[in-house]
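K.L.:
2 protein chains.
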Amino acid sequence: MGARRESDPQDLADRVQAGDRRALARAITLVESSRREDQPAANRLLELLAPHAGRSIRIGITGVPGAGKSSFIEALGNHVIGQGHQVAVLAVDPSSSISGGSILGDKTRMENLGRRPEAFIRPSPAGRTLGGVTRHTREAMLVCEAAGFDVVLVETVGVGQSETAVAEMTDMFVLLLLPGGGDELQGIKRGIMERADLILVNKCDGAMQAAAARSAADYRHALRLLQPRSTHWQVPVQTCSAHEGTGIAAAWEAIGRFRAALTASGELAAGRATQARAWLWSEMAENLIDSLRENRAMQERVAAIEAAVAAGSAAPRVAAAELVRIFLNPGKAGP
Amino acid sequence: MGARRESDPQDLADRVQAGDRRALARAITLVESSRREDQPAANRLLELLAPHAGRSIRIGITGVPGAGKSSFIEALGNHVIGQGHQVAVLAVDPSSSISGGSILGDKTRMENLGRRPEAFIRPSPAGRTLGGVTRHTREAMLVCEAAGFDVVLVETVGVGQSETAVAEMTDMFVLLLLPGGGDELQGIKRGIMERADLILVNKCDGAMQAAAARSAADYRHALRLLQPRSTHWQVPVQTCSAHEGTGIAAAWEAIGRFRAALTASGELAAGRATQARAWLWSEMAENLIDSLRENRAMQERVAAIEAAVAAGSAAPRVAAAELVRIFLNPGKAGP
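Chains as they are written, first to last, in this note's numbering: chain A, 1 to 335; chain B, 336 to 670.
#1: Any chance the CB of A:His-136 is under 7 Å from a heavy atom of the ligand PLP?
#2: Mapping DSSP to helix, strand and coil, what is A:Thr-120?
#3: Taking Cβ positions, are B:Val-415 and B:Val-422 nearer each other than 8 Å?
#4: With which residues is A:Glu-155 paired in a DSSP beta bridge?
#5: If I follow the unbroken beta strand (DSSP E) through B:Gln-421, where does it start and stop?
#6: State yes or no: is the beta carbon of B:Asn-537 nearer than 8 Å to at least one beta carbon in chain A?
#7: Where does A:Gln-227 sit, in a helix, a strand or coil, going by DSSP?
#8: Within 10 Å of its beta-carbon, does B:Arg-530 have 16 or more other beta-carbons around it, so buried, or fewer, so exposed?
#9: Am I right that B:Thr-532 and B:Val-501 are in contact with their C-beta atoms under 8 Å? What's the rounded C-beta distance?
#10: Which residues bound the beta strand (DSSP E) around A:Leu-198?
#11: Are the C-beta of A:Asn-112 and some C-beta of chain B separated by less than 8 Å?
#12: Considering only residues of the same chain and omitting the five flanking positions on each side of A:Ala-249, which have a CB-CB separation below 8 Å?
#13: Which runs of the beta strand (DSSP E) spanning at least 3 residues fall entirely within the segment 220-306 of chain A, listed in chain order?
#14: Measuring only between beta-carbons, confirm whether A:Trp-281 sits less than 8 Å from chain B.
#15: What are the boundary residues of the beta strand (DSSP E) that includes B:Met-507?
#16: Listing by chain order, which chain A residues have their CB less than 9 Å from the CB of B:Ile-624?
#17: Drop a sphere of 10 angstroms on the beta-carbon of A:Gly-256, count the other beta-carbons inside from all chains shown, and report buried for 16 or more, exposed for fewer.
#18: Can you list, in chain order, the residues of its chain whose CB lies under 7 Å from that of A:Val-143, leaving out five sequence neighbours each side?
#19: Should B:Leu-663 be flagged as near chain A, meaning a C-beta pair shorter than 8 Å?
#20: At the level of alpha carbons, what is the spacing between A:Ala-41 and A:Met-169?
#21: Determine whether the beta carbon atoms of A:Leu-202 and A:Gly-60 lie at a separation below 8 Å.
#22: Name the residues in the segment 220-231 of chain A whose C-beta lies less than 9 Å from a C-beta of chain B; which are they?
#23: Could you pull out every residue in the same chain whose Cβ sits closer than 8 Å to the Cβ of A:Leu-223, ignoring the five residues on either side in sequence?
#24: Helix, strand or coil, according to DSSP, for B:Asn-447 in the structure here?
#25: Could you list which residues in chain B have their beta carbon closer than 8 Å to that of A:Ala-211, in chain order?
#26: Kindly list, in the order they appear in chain A, the residues whose Cβ is closer than 8 Å to that of B:Ser-648.
#27: Smallest Cα separation from A:Gln-227: which of B:Gln-374, B:Val-399, B:Pro-344 and B:Leu-347?
#28: Taking the alpha carbon of B:Ala-608 as the reference point, which residue from A:Leu-12, A:Ala-311, A:Met-298 and A:Gly-245 has its own alpha carbon closest?
#29: Using the beta-carbon count (16 or more within 10 Å), is A:Ala-314 buried or exposed?
#30: Check whether the segment 481-490 of chain B and the segment 546-558 of chain B are in contact - that is, three or more C-beta pairs closer than 8 Å.
#31: For A:Ala-273, which residues in chain B fall below 7 Å Cβ to Cβ?
#32: Taking 8 Å as the CB-CB cut-off, is A:Gln-10 touching chain B?
#33: Distance check for B:Met-507 and B:Glu-498, CA to CA, integer angstroms please.
#34: At 8 Å on the CB atoms, spell out the chain A contacts of B:Gly-483, in chain order.
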């Protein structure tokens with residue numbers, strides 16, 4: 001094919017698969033781009049890489065404020081690299097648009113891990129809604145997998161529905177908690193405990209060890225009130241200290257047991273197929289809704305109807321049917 | 336306007352608002368109809384009734400298997416009628432298509448309540464997906480409100496995501512539990528405890544009273560692990576016996592306190608406006624997706640691409656963009 005431009009999707013895809021870091025970063029920037037003119041190349045790139053993606057364990061990680069997610073990810077990442085793996089760390093942080101940069105953009109975090117050639121850390125795409133962050137994180141995940149990363153850690157800062165989004169794009173969901181906070185002070189978001197496949201009480205070191213053990217027991221008790229997500233997996237509650245490096249190997253072992261159990265039961269593969277199908281249909285719905293939202297001719301009408309619906313003076317179905325009819329058949333008159 | 340046909344929307348709307356039961360039942364059947372030729376009349380009817388809807392407290396009720404939801408609803412309904420209210424009972428039961436009729440269709444249930452003029456019981460629309468059931472239950476709710484029912488009880492049998500759907504169409508979510516089941520035997524679905532605004536341990540009678548008190552304490556303890564949904568409301572855990580009629584008045588009082596607290600804080604009105612807007616956009620997305628799904632020219636293509644995506648050989652975004660592009664611009668060629 002002769003000499004190619006740097007932004008040539010085929011060339012970029014080749015270099016991503018060859019493990020070229022600059023190409024990997026550029027590839028993710030391309031798929032995250034919202035510029036219309038980038039879409040054909042971004043789509044082509046994803047087309048080329050998708051068949052080479054998927055060969056990783058996708059782990060979602062969330063935690064209560066102060067649970068030490070980043071130091072845990074650094075500790076786990078280093079341990080996993082020591083086991084011969086390559087680790088990609090992605091973030092789902094819709095709030096990063098507010099702080100003007102992702103939590104992972106903070107240079108003081110994961111310094112050591114970030115410097116290792118076997119690791120790749122990517123901040124959350126800034127200035128996007130959760131939907132946008134989710135979409136682009138899913139795609140960054142595919143690109144990283146195509147680049148040979150066999151462990152993908154997706155961190156959520158737990159803003160809004162981001163845990164659910166992360167749980168729906170990963171194979172396993174890990175919840176980090178603090179010692180001694182067996183109460184509302186932990187601010188565990190509603191529904192999160194139920195999504196966890198592994199619960200870790202971090203900061204189990206020094207004076208906190210006893211409290212950490214008590215908390216773990218508390219959470220084991222609370223878990224008994226909830227229906228297990230899989231009949232093939234009982235959610236472990238373990239303690240660890242990212243600071244001292246204790247319990248990290250045990251956490252990685254639990255992840256391995258989870259992967260083995262749900263691979264054997266077929267739930268891992270089934271879960272991914274379901275996630276992919278759901279993703280396709282939600283992408284289609286989002287595409288369609290975006291086209292309607294961006295349609296100049298529709299905007300005034302939509303705003304007026306939305307206000308009437310919120311005020312309760314219009315029925316959503318009627319309003320929706322009318323708006324969609326006008327959008328799809330701009331020519332035709334009403335029934 | 337002269338003499339009108341029975342199915343004339345204006346006439347039907349007038350009679351619904353006048354409290355005519357046969358008209359109410361016919362109106363709901365009309366809005367639930369999936370026959371294309373019924374849509375204009377159904378839409379017109381909703382247009383006429385929507386402005387008169389909304390003046391009720393919308394209460395979602397779920398419970399673990401055997402918690403006695405229907406006897407509780409019968410007891411609560413009769414108590415509430417005694418307080419001078421009119422009660423509509425609707426069901427969200429996607430499984431009713433399987434059993435061939437809704438749980439509420441079962442004549443042996445809520446017999447006494449069903450016979451009272453101040454009550455209206457409507458089974459779940461059969462043979463529909465959760466989305467369809469949800470949509471039609473929301474609309475049946477509007478019709479009942481326009482007919483003057485000021486208390487709407489929406490029952491879910493807890494199939495799939497139906498609790499979430501019910502929580503998202505109601506002002507308050509009530510969870511019924513059993514005594515002595517402070518463990519996985521209760522089979523509480525993941526995320527449900529977190530959605531509850533009021534938890535009732537039913538069947539607190541006879542030999543079960545002590546166990547019911549213990550369970551209530553257990554659940555209070557478990558709730559302490561979860562972040563409250565509103566800073567203006569602490570979720571009460573109460574016991575009751577639909578069988579003996581104890582704790583029913585107290586449950587209704589808790590509902591009244593909840594309504595007062597969240598009305599004062601503005602959360603009730605804000606929640607409804609948010610629900611309505613979300614409903615509008617989801618109706619638009621559903622309408623658009625349905626139009627794409629039902630598009631003959633698209634079907635083969637969609638099936639092939641969906642399989643590729645599930646197999647991981649195609650990237651959802653690329654596939655979705657292509658399908659939507661072809662759908663919206665059947666004429667134009669690809670980029």
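For glycine and all other residues, C-beta sits at the position ideal for the given N, C-alpha and C.
P.N.:
Result, derived from the coordinates:
#1: The ligand content of the structure shown is nil, which means the ligand PLP is not present either.
#2: Contrary to the premise, residue 120 of chain A reads as Phe rather than Thr in this sequence. Looking at A:Phe-120 - three-state DSSP - the assignment turns out to be strand.
#3: yes
#4: In DSSP, A:Glu-155 forms a bridge with A:Ile-61 and A:Ala-91.
#5: First-last for B:Gln-421: undefined, no H or E at that position.
#6: With respect to chain A, the C-beta atom of B:Asn-537 has no partner C-beta closer than 8 Å.
#7: DSSP places A:Gln-227 in coil when its eight states are reduced to three.
#8: So B:Arg-530 counts as buried.
#9: A quick correction: the sequence has Asp, not Thr, at residue 532 of chain B. So it is not a contact: roughly 12 Å between Cβ atoms.
#10: Here the beta strand (DSSP E) through A:Leu-198 covers 198-201.
#11: no
#12: Non-local C-beta neighbours of A:Ala-249 in its own chain, meaning closer than 8 Å and more than five positions away in sequence, comprise His-79, ordered along the chain.
#13: Taken in chain order, the complete beta strand (DSSP E) segments of 3 residues or longer contained in the segment 220-306 of chain A are 237-239.
#14: yes
#15: From DSSP, the beta strand (DSSP E) with B:Met-507 extends over 507-512.
#16: Residues of chain A passing the Cβ test: Trp-281, Met-284, Ala-285 and Leu-288.
#17: Exposed, since its Cβ has fewer than 16 Cβ neighbours within 10 Å.
#18: If we look at A:Val-143 and ignore the five residues flanking it on each side, its Cβ neighbours are Val-16, Leu-24, Ala-27, Ile-28, Val-31 and Leu-49.
#19: yes
#20: 24 Å
#21: Note that residue 202 of chain A corresponds to Asn in the displayed sequence, not to Leu. Not in contact: A:Asn-202 and A:Gly-60 (Cβ atoms no closer than 8 Å).
#22: Listed by position along the chain: His-221, Ala-222, Leu-223, Arg-224, Leu-225, Leu-226, Gln-227, Pro-228 and Arg-229.
#23: Met-193, Ile-199, Val-235 and Val-237
#24: helix
#25: The contacting residues do not exist; A:Ala-211 stays about 15 Å from chain B at best.
#26: Ala-50 and Pro-51
#27: Distances from the CA of A:Gln-227 to each of B:Gln-374, B:Val-399, B:Pro-344 and B:Leu-347 were compared; the closest alpha carbon is that of B:Val-399.
#28: A:Ala-311
#29: buried
#30: no
#31: Ala-645
#32: no
#33: Each residue's Cα considered, the two are about 12 Å apart.
#34: Going along chain A, no residue has its Cβ under 8 Å from B:Gly-483, so there is no contact; the nearest lies around 16 Å.
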